[in-house]
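Scroll down for the structure; my scribbles are underneath it.
Residue numbers (the numbering used here): 647 to 989.
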């Protein structure tokens, strides 16, 4: 779309929405982190509901770390006054988690001291912070001119012809800040967010249809159309088929995993059966070792027994030899006496 036509269409949108809604931009003056949490609640929700949701978070939780570690389901119960509590809870938790991982603290105030461009780039690096949240903080806390546009707001701008499909999918609205001046940015952002909330809540509402056609008469072709019974039945059948296919795939995966476990268990059992005989054989060899020790011990006993026998033999031999010598000596004395008698 040419720049002039886009600018005129955005100006007309602002004028029509101002007549339709009495929404005023939020007047909260919060620290940067708290403003981010509020933006997570405000996205595609009325200002009053967002303020109640933010107050509930502050009242029911001790600090932001407790909010961060809570589940989405728990936070959704706290944010039940919002149109989509689960989506808002996921945004709040994701934003706090990304801030904590980046800074290990729940404080974004140092960003205010930096240049707006640098601060915006740092906010964009936080994966849990949506583009709506970045624009809201830029507009309300950093003093920049960046109008926040939610997913519902992008769809509305596509229907009235401000952006095309590619720009909608890329989440970009070229020329928005040029068409809407900075002093009217807060008001236009609040009005567009209110329209996005109404559209998401009831996209086929005659009131919404009439309002959009009053902005752009050629929006009729881009308006969401109700599905016929045949289309609904076809989609339901496709959903059931997909669900059945997913269940079959899951069952097949579980069966495969079970077979793998059984095969693994059988393999382990075989390995155990092979190792068991070897373990039994080990004690027999150990028992055989003491037998050798016994034989080794037995040899000294035999030696001890054998040694006394030898000593006894020596003693006997000694005893026999000694008397023989004495007898010999006695014979000599008798001979000498016999020789002396004749004298």
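Glycine included, every Cβ here is placed at the ideal spot set by N, Cα and C.
Quantities reported herein were computed from a predicted structural model and do not represent experimental measurements.
The three-state secondary structure of residue 872, taken from DSSP, is coil. If you look at residue 667, you'll find it isn't in any alpha helix (DSSP H); DSSP assigns it neither H nor E. The closest CA to that of residue 691, considering only 858, 836, 884, 902, is found on 836. Our two residues, residue 867 and residue 842, have alpha carbons roughly 19 Å apart in a direct line. Ranked by how close their Cα comes to the Cα of residue 795, the residues 787, 717, 804, 746 have 804 in first place. When DSSP states are grouped into helix, strand and coil, residue 708 belongs to the coil group. Closest in alpha carbon position to residue 742, among 718, 790, 826, 651, is 718. In the three-state reduction of the DSSP assignment, residue 793 falls in the coil class. In summary, residue 785 is buried, with 16 or more beta-carbon neighbours lying within 10 Å of its beta-carbon over all protein chains present. In the DSSP annotation of this structure, residue 717 is not part of any alpha helix (DSSP H), being labelled neither H nor E. Sequence-distant partners of residue 732 (beyond 5 residues in either direction) whose C-beta falls short of 7 Å from its own C-beta, in its chain, are 718, 722. Judged by DSSP in its simplified three-state form, residue 766 adopts helix. Cα atoms of residue 677 and residue 730: separation of roughly 25 Å, rounded to the nearest angstrom.
Within the same chain, and ignoring the five residues on either side of residue 667 in sequence, the residues whose Cβ sits closer than 7 Å to its Cβ are 837, 840.
Boundaries of the alpha helix (DSSP H) around residue 839: 831 to 847. Judged by DSSP in its simplified three-state form, residue 778 adopts helix.
With respect to residue 865, residue 857 sits apart: the two C-beta atoms are not nearer than 7 Å. If you look at residue 749, you'll find it in the alpha helix (DSSP H) that goes 731 to 749. When the alpha-carbon of residue 832 is set against those of 670, 873, 751, the nearest one is in 670. As the crow flies, the alpha-carbon of residue 891 is around 10 Å from that of residue 898. Comparing alpha-carbon positions, the option among 774, 781, 761 lying closest to residue 748 turns out to be 774.
For residue 684, the enclosing alpha helix (DSSP H) stretches over residues 678 to 688. Residue 852 sits in a helix when the DSSP states are folded into three classes.
Counted as a single uninterrupted DSSP element, the alpha helix (DSSP H) harbouring residue 813 occupies residues 811 to 815. In this chain, residue 691 is not harboured by any alpha helix (DSSP H), its DSSP state being neither H nor E.
Residue 728 sits away from residue 736, with the two beta carbons spaced by 7 Å or more. Residue 755: not part of any alpha helix (DSSP H); DSSP gives it neither H nor E.
For the 7 Å CB-CB criterion, residue 754 and residue 679 form a contact.
Exposure of residue 750 is indicated by the presence of fewer than 16 other C-beta atoms within 10 angstroms of its C-beta. Of the other Cβ atoms in all chains shown, 16 or more fall within 10 Å of the Cβ of residue 776; this residue is therefore buried.
Between residue 764 and residue 683, the C-beta spacing is not below 7 Å.
Our two residues, residue 827 and residue 661, have alpha carbons roughly 13 Å apart in a direct line.
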